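Asker:
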Amino acid sequence: MCLRRKRRIKDYLYGYNRRINLMKWKELYNNARGKLNPRTISPFIDAGGVAAAILTDSGNVYTGVCIDTACTLGMCAERNAIANMITNGESKITKLVCVMSNGSVGSPCGACREYLMQLDKDSACIEILVNVETEKTVKLSELLPDWWGSDRFI
């Protein structure tokens, strides 16, 4: 096969994979944003002001919303989505997006970063969307460098 044709095939595949990647970010963002539904459950519990969507290595998407309580025993949207994923028999995340009530995206809090990191030996590679307009992402390892438990997975 000539070099020019190989290059065209490579460029086509790169473009195809990039479109798939971008499509997944938009899909994840839209899934999370669609779950936003800020509401008061009781005088002690508010829910739905933040939503998260995660993509697993098998291609499934799981979502969750935050549940804020007066006694601080609530649950962040990311951990709620993870609970849904684990309930459905999966444990390996490849991508995560967290959508705030104004439609912007944010990165996981410290507790969620720790929770995410403890899930799997490859969790450091989880991609997190940090800017919806530019589709900028960071790896979990960038948000939680030199994680204390990495040697326990060996």
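Residue 150 in our numbering sits at position 98 of the sequence shown, and the numbers go up by one each step. Note that CB positions come from ideal geometry on N, CA and C, so glycine has one too. Model, not experiment: these values are computed from the prediction.
Alpha helix (DSSP H) containing Glu142: first to last residue?
Answerer: Here residue 142 is taken as the residue at index 90 of the sequence shown, counted from 1. Run containing Glu142: none; DSSP gives neither H nor E here.
Asker: Determine the closest residue to Ile106 out of Val149, Ile97, Gly100, with distance taken between C-alpha atoms.
Answerer: Residue numbering aside, residue 106 sits at position 54 when the sequence shown is read from its first letter. Out of Val149, Ile97, Gly100, Val149 has the C-alpha closest to the C-alpha of Ile106.
Asker: So, is Ala99 buried or exposed, given that buried needs 16 or more other C-beta atoms within 10 angstroms?
Answerer: Reading the sequence shown from its first residue, position 47 is the one you call residue 99. With 16 or more Cβ atoms within 10 Å of its Cβ, Ala99 is classed as buried.
Asker: Are Ile119 and Met127 closer than 7 Å when you measure CB to CB?
Answerer: The residue labelled residue 119 in the question sits at position 67 within the sequence shown. The residue labelled residue 127 in the question sits at position 75 within the sequence shown. Going by C-beta atoms, Ile119 is nearer than 7 Å to Met127.
Asker: For my contact list, Ser159 and Leu195 are in at a C-beta cut-off of 8 Å; report their separation, rounded to the angstrom.
Answerer: Reading the sequence shown from its first residue, position 107 is the one you call residue 159. Reading the sequence shown from its first residue, position 143 is the one you call residue 195. Contact holds; Cβ gap of about 6 Å.
Asker: Should Gly201 be labelled buried (16 or more other beta-carbon atoms within 10 Å of its own) or exposed?
Answerer: Looking up residue 201 in the sequence shown gives position 149. Exposed is the call here.
Asker: Of the residues Ile206, Asn89, Lys147, which one's Cα is nearest the Cα of Lys188?
Answerer: Residue mapping note: residue 188 aligns to position 136 of the sequence shown, counting from 1. For the residues Ile206, Asn89, Lys147, the minimum Cα distance to Lys188 belongs to Lys147.
Asker: Specify the secondary structure class of Tyr68 as computed by DSSP and reduced to three states.
Answerer: The residue you call residue 68 lines up with position 16 of the sequence shown. Because Tyr68 sits at a pLDDT of 48, beneath the cut-off of 50, its placement in the model cannot be relied upon, and the following sentence gives the value as read from the coordinates. Residue state, collapsed to three classes: helix.
Asker: Which residues does DSSP pair with Gly116 in a beta bridge?
Answerer: Against the sequence shown, residue 116 aligns to sequence position 64. Answer is Ala104.
Asker: Can you name the residues that DSSP bridges to Gly158?
Answerer: Taking the sequence shown and counting its residues from 1, one reaches residue 158 at position 106. Answer is Cys150, bridged to Gly158.
Asker: Thinking Tyr167 and Met137 are a contact (beta carbons under 8 Å), I'd like their distance in whole angstroms, please.
Answerer: Taking the first residue of the sequence shown as position 1, residue 167 is located at position 115. Taking the first residue of the sequence shown as position 1, residue 137 is located at position 85. Not really, about 12 Å apart at Cβ, beyond 8 Å.
Asker: List the DSSP bridge partners of Ile97.
Answerer: Here residue 97 refers to the residue found at position 45 of the sequence shown. Answer by DSSP bridge pairing, in chain order: Ser94, Thr121.
Asker: Buried or exposed, going by whether 16 or more other CB atoms sit within 10 Å of the CB of Cys161?
Answerer: On the sequence shown, position 109 is the one that residue 161 refers to. That one is exposed.
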